[in-house]
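Quick notes on the structure that follows.
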Amino acid sequence: MKLDRRAFVKLIAGGVGGTLLSPLPWKMADDTAIWSQNWFWRPSPERGSATLVNTACQLCPGGCGIRVRLIAKKNAVRIDGNPNHPVNQGGICPLGASGLQYLYGPSRIETPLKQTGQRGDVTTLKPISWDEALDILATKLRAMRQKARGLVCVSGKRQGTVPELFARFLHAYGSPNYVLMPAAADAESLGMFFSQGQSGLPGYDLENAKMIISFGSSYIEGWGAPARMQLAFGNWRSNTKGNRARIVQVETRGSLSSSKADDWLAVTPGTEAALALGLAQVIVSEGYYDRSFVNQYSYGFDEFKRLLQRNYTPEKVAAITGVTREKISALAREFSQTKPAVALSGWGQGRMQGSVYDFLAVQSLNGLVGSLNKPGGVTKKPSVPLAPWPEVVLDAISLEGEKEPRLDVGNEVQSSFPTSLFYNLVKNMNQGKPYSTQMLWVYEANPAHDLADVEPFIEALSNIETVVSFSSFMDETTQLADLVLPGPTYLERLEDVLTPPGLQYPVFGLSTPVLMPRFATIHPGDMLIRLAKSLGGGVASSFPWSDYESALKQRVEGLAQKASGRVADEPGVEPWKGGQGSKLAPNYESFDDLWDKLVEYGCWFDTSGNMPAWDSAFKTPSGKFEFYSQKMRQIGIRGNDITYLPHFEEVEPAGDPGDYPLLLMPYETLIITNGPVANPPFMTKMLFDFQLKGNDCFVDINTKTAANLGLKEGDRVTVQTERGSLEVRVHVSGNARPDVIFIPTGLGHSGFDPYIKGKGVNANAILVAQQDKTTGLASWWGTRVKIYKV
Amino acid sequence: MSGNESGKIRYGMVIDLDKCTGCMTCAVACQQENNVPFREDETKKVRSITWLEVFYLDNGKPYPEHRKAYLPRPCLQCDADPHPPCTFVCPVNATQRDEETGLVAHIPVRCIGCRYCISACSYHARYFNWWDPKWPKAMEEMLTPDVSTRMRGVVEKCTFCVHRLQLAKDKAFVEGRQELEEGEYVPACVEACPAKAMYFGNLADSHSEVAKLAKSPEAFRLLEKLGTEPKVIYLSSQEWIHKLADNVV
Amino acid sequence: MDSALIPEGVKRCSFKAFCLWLLVIFGVIGFGIVGGFFVLWKGLNVTGLNDYFGFGLYITADLAIIALGAGAFFTGFLTYVIGKKELKDIINLAVVVGFICYTGAQLVLLLEIGQPIRGWFSFWHPNVHSMLTEVIFCITCYTIVLVIEFLPLILENRQLDKVPEFHYFSHNLHEIMVVFAATGTFLSFFHQGSLGGLYGVMFARPFAFRTGFFIWPWTFFLFVASAIASGPALTILVTMMVQGITRKKLVRRDAISLLAKVTGFLLAFYLVFKILDTWWWATQTAPSKGMSFGEFFKAPYGMWLLFAEIVVCGIIPAIILLTPKARNDDVLLIVACVLDCAGIVINRFVFTVQNLALPVMPFDHWEIYVPTWTEWAPTVALIAYGALIISLAYRYLPVFPRERELNPID
Amino acid sequence: MTGENKQQSSGLLGWVLFVLGFAGALFVGWIVFPQLLFSTKYQPINYNHSIHQEEAGLSCEDCHFFLEDGTFAGKPKLSTCVECHSEPQGETEDEAKLVSEYVEPEKQIPWISYSRQPDNVFFSHAAHVRMAEMECTDCHQDVSGQTKAPPVKINRLTGYPNGIIKMYVCENCHVRENVSNACDVCHH
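Which chain is which? The protein sequence lines are H, E, L and W, in order.
Under our numbering, the first residue of the first sequence is numbered 797, with each subsequent residue one higher.
Under our numbering, the first residue of the second sequence is numbered 3, with each subsequent residue one higher.
Under our numbering, the first residue of the third sequence is numbered 648, with each subsequent residue one higher.
Under our numbering, the first residue of the fourth sequence is numbered 5, with each subsequent residue one higher.
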């Protein structure tokens, strides 16, 4: 019995046969198929029941209502628009839709940090406990209380109860230096002050307008409330609803706003205001203006008319702007005869300050055609009827502080301006005049990156002993901070979101925590209350609340007492539709009911039916809309007649034209955020490869200019201004005007996470702000530049 | 959907390019809705996964006659008979058209990554996972459980958010309804569009908004001559945009 | 050991020289394995492929070597089915070359797909409509046929042949070889065609799309024709190469000439239809898809490719091969065969890469494909793999039945 | 003769060996292999369906219900348990464990699923239970009246429980019931 080869073969054959008749090979094959599909290292998202939570977006001032989709009540997996919200009606912008990438983003700051080494060295920013952090801050504040004016707070957020608490803290502490980041709103607010005698911002009734002329505003690329503008634009382009409106864009660059307009007037850089005045001249000289308004409710028309006839005839304006006389005349006639029509101002996204005269020129045009405070026109953005807090309790030091000169004021006249003048602050902090800055707070702002003409600001920091950042993210300013007190992100905190820029009806959005804070962060409101209490005295008495929530509720009671306004509990609301005098019956019975509904639906709003009438709207010395501003005179602005009238001021850009033959202009786009947060991965991914390629960003150069300079698509070049130089690549484009180079802003971060860090360059670094001597505003619009191959 | 005599369903999309502001919210909403992965460098566009890609169009004229527009391109869910270009070629049945809805599905776990379908699609609507998808650890919490994550070496593409169809149907079923109302099932891009430039519905239902819009004189489809029968229809009043819809000999 | 394996009555180079030669080959193969390993480990991101070029060098190489491997089935067809006995001289080599081409192609295919561990899904979940399914099935079957055809030759090794079972088995296989030759012919015909169909059916790709007959686009038939018009050319080329390297006459010249003549006829036949197809494509098919012929060619994939493919690598070798005097000249014959093979490589390249470079949407753009070393290395290793198999086969197997007769050892 | 004999015996032996191989392979394939392929896991709490049905008077739907949005809640969340078990109701060890380990620290119970499908499979309970009016027990094991939670067999290769419905089962039923078998009906 030897097991020979044959026998062995038979054993094997039997085995094979048996195996084939057993489930082994078949089950194995099937399971292998499943196994090969598993790839265990790939995340498998947790399942669970889904809920939608309404809240308000705070990534920009746009005031959108958003819904967060939660899985198993803990994982936020989607943000979309709240269909009930009147501002965005279910739509959303790319930044809002990317919000979760901030909540879960890798650049979140998890604990308070203290700089233990050289300022700016991120590796020596060490985690400390909240008690220690707040103790450090309180100790320093106590120590410098005698020099309370040395505390400066920069806020990127212009409205809401938290910025108000910051302002209140500084007031109670004894510093006049609560300063807002610069924006077109500064010029607008000043312009409203000069022409209408009251501070405030314009609110445009765009939903009812039939013709819109936009003077340089990127109306679909982030100007105003971005999602509301997209919605309005969709309606202007609607064939079905009879909402179709005509859009004319006045802008140097071939932006999307230019391309999407019915007509694009490609003006000489910085001459938008001249064109507005040219239109005004035609309207006035041809008698198309609204006589009832001009005759009864305006002041200084004759002086204005004389100026127009003298300086802004179509011929002269054609020479300034490059738009033909015929076009100017035709557009003026169309604008004055289409009702209602409105003109928009505010360059780009409204992130740059701009000139007050530009605003006045455009606003005068609105006045001439009777579009002020009329449906389809422009009004003063209505305020939300919140209840006031008790008065700040002033002690000896804070009483003294009230009298101190503000650091952002350049001269006597400017101290009565209702605006912050940030570039003055930068200058004064740098020079330590009239007094030095001991401590800088930065809240909801990233000036070390976002400030146009950023270099002087960074230099100024070296004169400041302590820089405190309240940011939730490792941004560039936070990198330069000595103490970091991270707040929760907007999805983890309670806060009010007030009427967004440019809106004509009041909105109160409530942002509520949609999930437990991911890290041990403290709400800035609570932080301030705690800090105030630990300082004692008047400061403590000014903060009587137990926490931020009770402070907020106190103000919201104002809404409960109002007889008009609703919580947005149903889709499709159109607060602009009711006409003048329309009211909304409240759908809540008491404060508690209102609060519960606000938490549930996220938004309260009222109609646009409360535009003030012409006879009561203007708080000027004349009680009228002032083409010729007596207010300017009154507060002591010196000059000739033209100074008090809307006019066009040619600003000479910085740099010697011989050395720097071209003009550099920044541009903003909706797909690159310019806010205090850096672009999220979702959005950066969508940049075209002629906007970002690897780590290079592109400047747009006109086809002919590029050919003259011997530059081809994709060439690496240096763009140099007198402020500095940057390395970029060339995109040859029909969007660019000959001899003007366009550079995107918002890139070039050195902070944040690997998804944005080091991508592109920060255009702000080489721009030079041109400050207007009278107003102190940066009326800046371009910088001379030269460009050469690397 | 109601008002449809034949009962046939052909889900389709209409995108009004005149209303489109090029804000790219659709593309962002899509990435979020479908767990589309992202990498640190996404600028090599021929390797970047964007189920809904936005194309840049221009009229080719010099400044200041230059005009541009953005064209969002989801998967066009070709209705060509009997097969779309892509499903026809797949060797492993990883992609098929659901003949009850007209939706072209792609099932990444079945896919072997041969990329034949990528080659067959003239719209570049299909994407290959050149890398394993990776998210920063914390961001894994924001992945939606409705769409499974993919792995390296497989193809993926827009599905018109077909998972939303299932969710909508579930809701209807529990409420005792068999049919969906118009608007109950809408992809994420359409829902997010702030300018309301995107419409979605049943093209086979002559009463639906999309069917009406599709008949507009402003309507066109991409590369009509190929015979792919896309179910995404564009609207534009601009002649130069119409010219870019197809090649002209 | 080495000498015991070498067939009786023939002379081979020294074992040392052979080892040195193998070392070179293994070097190249090793490089290819490293490249292949890189691709498998890191994924296809290490290649030059992208969402434009879903197919690239791997597929070009695969298609080209499969076409060139057609020499095996066609020579088999001529030898066994038609009965051209003089080709028995060359049939073994043709089978070896075919075996190399098909196994090599499958190895590269494994790298090419994104999920190699799911490669078998095409058998487990086949889609019958897909040309690729047909290709995968046919290639797999035909590889098995080639293994069976190769087997008797391996079993004729001096030592293996001593095992009686092997001896009988190989003898029996020889007896029924006509069946395998016929099967191979059938399978090959279909998958060569399906490879063409692969492109021809892409109706959304105007460069590749062709009208056709029933379910088969014209490329189906053109790929069959081009494969049989170039496969034998490779067989001739390899024969000449082996003869050159060994400095021996291994095959009778009339066998080579016969094959060259047949190749010439086939090439001419193919070219007629290729030119007709190109003309129809340029004037009818492409315009119906909205494209003009000129749009198909843009740098670097210019019109020169078409000229090179049809004139330089088509008409010229056809003329040489059809001219008795020319094809009897060794140099001209080699030139013709090289051109013929290059022509088919260009053809497969154009269908694979240029096809995909072409933007179909008017607002789209041309892309250029640049393969990386991880693609080149396995592709080059494929050639080394061929050299390895041929070297081993030549040294240890009676590949050339007439070698002893033609090179008597004195 | 001896040669023949030898051949015969070896032939016989050959067949014996063949049968041996055959039977051995069958044994391995049918008996040993399934044992090796699956691991056994036990639920964190030995849930007693019987006692909940009979003594507490609960119906299946009290814990396994549909949500308003049409999704199926599946296994109950802790909040459902807490409705009755904020304090121990009886004296069983498992209940004590429930209260001390999960209810008090407010920790979800990590139930092991008997039928967890891969994450690319989306099974609609609404379609099957509400529209097709299928019984739960058509797919799931009937646990009503059981006093112990059955152990879960997990496939070591795939990681999925052995109770999951295979795709061909879905497909066959869909064909029978004339329901779409398109991929995206279940996979996304």
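We treat Cβ as the ideally placed atom computed from N, Cα and C, and that holds for glycine.
Would Leu1221(H) pass as a contact of Asp1204(H) if the rule is Cβ separation under 9 Å?
Taking the first sequence and counting its residues from 1, the one referred to as residue 1221(H) is at position 425. Taking the first sequence and counting its residues from 1, the one referred to as residue 1204(H) is at position 408. Closer than 9 Å, so yes.
List the endpoints of the continuous beta strand (DSSP E) containing Thr1514(H).
Residue mapping note: residue 1514(H) aligns to position 718 of the first sequence, counting from 1. Its beta strand (DSSP E) spans residues 1512–1517.
Residues in its own chain within less than 6 Å of Thr1499(H) by CB, not counting five upstream and five downstream?
Here the question's residue 1499(H) lines up with position 703 in the first sequence. Around Thr1499(H): Val1528.
Using the beta-carbon count (16 or more within 10 Å), is Gly7(W) buried or exposed?
Taking the first residue of the fourth sequence as position 1, residue 7(W) is located at position 3. Residue placement at Gly7(W) is flagged as unreliable, the pLDDT there being 45, under the threshold of 50; the coordinate-derived value follows with that caveat. Classification of Gly7(W): exposed, given that the 10 Å Cβ count is below 16.
Roughly how many angstroms separate the alpha carbons of Pro1382(H) and Arg1289(H), rounded to a whole number?
In the first sequence, the residue the question calls residue 1382(H) occupies position 586. In the first sequence, the residue the question calls residue 1289(H) occupies position 493. Their Cα atoms are separated by approximately 26 Å.
Are Trp1410(H) and Asn1169(H) close, meaning C-beta to C-beta below 9 Å?
In the first sequence, counting from the first residue as 1, residue 1410(H) sits at position 614. In the first sequence, counting from the first residue as 1, residue 1169(H) sits at position 373. Yes.
Closer than 8 Å is the cut-off here; do at least three beta carbon pairs connect the segment 1230–1250 of chain H with the segment 987–1002 of chain H?
no
Would you mind telling me which residues of chain E sit closer than 8 Å to Thr1499(H), beta carbon to beta carbon, in chain order?
Taking the first sequence and counting its residues from 1, the one referred to as residue 1499(H) is at position 703. Contact annotation for Thr1499(H) against chain E: Pro64, Tyr65 [CB-CB distance below 8 Å, chain order].
Quick check: what's the CA-CA separation for Phe804(H) versus Gly18(W)?
The residue given as residue 804(H) occupies position 8 in the first sequence. The residue given as residue 18(W) occupies position 14 in the fourth sequence. Taking the straight line joining both Cα atoms gives about 8 Å.
Under a Cβ-count criterion, where at least 16 other Cβ atoms within 10 Å of its own Cβ denotes burial, should Pro232(E) be classed as buried or exposed?
Translated into positions along the second sequence, residue 232(E) becomes position 230. Buried: at least 16 other Cβ atoms inside 10 Å.
Going by beta carbon distance, what residues of the same chain come within less than 7 Å of Pro92(W), once the five residues before and after it are set aside?
Reading the fourth sequence from its first residue, position 88 is the one you call residue 92(W). The answer, listed in chain order, is Glu99, Ala100, Val103.
Taking Asn1259(H) as the query, report the chain W residues whose CB atoms sit under 8 Å from its CB, ordered along the chain.
As a working mapping, residue 1259(H) is identified with position 463 in the first sequence. When 8 Å is used as the limit between beta carbons, Asn1259(H) is near no residue of chain W, the shortest such separation being about 52 Å.
Measuring only between beta-carbons, confirm whether Phe813(L) sits less than 9 Å from chain H.
In the third sequence, the residue the question calls residue 813(L) occupies position 166. Not an interface residue.
Tell me which residue opens and which closes the alpha helix (DSSP H) that Gly203(E) is part of.
Within the second sequence, the letter at position 201 stands for residue 203(E). Note, Gly203(E): premise wrong, no alpha helix (DSSP H); beta strand (DSSP E) at 200–204.
So the beta strand (DSSP E) Ser877(L) belongs to, where does it begin and stop?
Within the third sequence, residue 877(L) is the residue found at index 230, counting from 1. In the DSSP annotation of this structure, Ser877(L) is not part of any beta strand (DSSP E); the continuous alpha helix (DSSP H) holding it starts and ends at 865–893.
Can you pull the chain H neighbours of Thr44(W), defined as C-beta to C-beta under 7 Å?
For the purposes of this step, residue 44(W) is taken as residue 40 along the fourth sequence, with counting starting at 1. Chain H residues near Thr44(W): none, gap ~17 Å exceeds 7 Å.
Going by DSSP, what residues sit across from Glu1291(H) in a beta bridge?
Locating residue 1291(H) in the first sequence gives position 495, where the first residue counts as 1. For Glu1291(H), which the question treats as bridged, DSSP gives the partners Ser1307(H).
According to DSSP, is Thr6(W) part of a helix, a strand, or is it coil?
The count along the fourth sequence starts at 1 and reaches residue 6(W) at position 2. Any answer about Thr6(W) is weak, because its pLDDT of 44 lies below 50 and its placement is not dependable; what the coordinates show is given next. Helix, per DSSP.
What are the boundary residues of the alpha helix (DSSP H) that includes Glu788(H)?
There is simply no residue 788(H) to check, as chain H begins at 797 and stops at 1586 in what is shown.
Which bits of chain L does Ile120(E) rub up against, with CB to CB less than 7 Å?
Sequence index remark: in the second sequence, residue 120(E) carries index 118 (1-based). Within 7 Å Cβ-Cβ: Asp698, Gly701.
If you count every other CB in all the chains shown that lies within 10 Å of the CB of Arg904(H), and 16 or more means buried, which is it?
Locating residue 904(H) in the first sequence gives position 108, where the first residue counts as 1. Result: buried.
Could you have a look at Ile922(L) and say whether DSSP puts it in helix, strand or coil?
The residue labelled residue 922(L) in the question sits at position 275 within the third sequence. Ile922(L): helix per DSSP, three-state reduction.
Going by other Cβ atoms of all chains shown within 10 Å of its Cβ, with 16 needed for buried, is Val16(E) buried or exposed?
Indexing the second sequence from 1 puts residue 16(E) at position 14. Answer is buried; the Cβ neighbour count reaches 16.
Tell me the DSSP secondary structure of Ala868(H) in three-state form.
The residue given as residue 868(H) occupies position 72 in the first sequence. Note: Ala868(H) maps to coil in three-state DSSP.
Assign Arg1202(H) to one of three DSSP states: helix, strand, or coil.
In the first sequence, residue 1202(H) corresponds to position 406, counting from 1. Of the three classes helix, strand and coil, the one that applies to Arg1202(H) here is coil, per DSSP.
Could you name the residues of chain L that Arg49(E) contacts, counting a contact when the two beta carbons are closer than 7 Å?
The count along the second sequence starts at 1 and reaches residue 49(E) at position 47. Neighbours of Arg49(E) on chain L, chain order: Asn697, Asp698.
Quick one: Cα of Glu1003(H) to Cα of Tyr1551(H), how far?
Here residue 1003(H) refers to the residue found at position 207 when the first sequence is read from its first residue. Here residue 1551(H) refers to the residue found at position 755 when the first sequence is read from its first residue. Their Cα atoms are separated by approximately 38 Å.
Tell me, which residues are paired with Phe222(E) by DSSP?
What you label residue 222(E) is simply residue 220 of the second sequence in a count that begins at 1. In DSSP, Phe222(E) forms a bridge with Tyr236(E).
Can you check which of these residues, Trp1032(H), Gly1506(H), Lys869(H), is closest to Ala1041(H) by C-alpha distance?
The count along the first sequence starts at 1 and reaches residue 1041(H) at position 245. It is Trp1032(H) whose Cα lies nearest to the Cα of Ala1041(H).
Spatial neighbours of Met950(L) within its chain, please: CB distance less than 7 Å, with the 5 preceding and 5 following residues excluded, ordered by chain position.
Numbered from 1 along the third sequence, position 303 holds the residue referred to as residue 950(L). The residues are Phe944.
Alpha carbon to alpha carbon, what distance is there between Leu976(H) and Arg954(H)?
For this step, residue 954(H) is matched to residue 158 along the first sequence. For this step, residue 976(H) is matched to residue 180 along the first sequence. Distance between the alpha carbons of Arg954(H) and Leu976(H) is about 7 Å.
For the alpha helix (DSSP H) holding Arg995(L), just list the boundary residues, first then last.
Here residue 995(L) refers to the residue found at position 348 when the third sequence is read from its first residue. Residues 977–996.
Does the beta carbon of Cys22(E) sit closer than 9 Å to a beta carbon anywhere in chain W?
Against the second sequence, residue 22(E) aligns to sequence position 20. Output row for Cys22(E): interface = no.
Would you mind sorting Ile922(L) into buried or exposed? The rule is 16 or more other CB atoms within 10 Å of its CB.
Start at 1 with the first residue of the third sequence, and residue 922(L) comes out as number 275. Ile922(L) comes out exposed.
So is Ile764(L) in contact with chain H if we call contact Cβ pairs under 9 Å?
For the purposes of this step, residue 764(L) is taken as the residue at position 117 of the third sequence. Answer yes: the Cβ-Cβ gap between Ile764(L) and chain H drops below 9 Å somewhere.
Is there at least one Cβ from chain L nearer than 9 Å to Thr161(E)'s Cβ?
Sequence index remark: in the second sequence, residue 161(E) carries index 159 (1-based). Not one chain L Cβ lies under 9 Å of Thr161(E).
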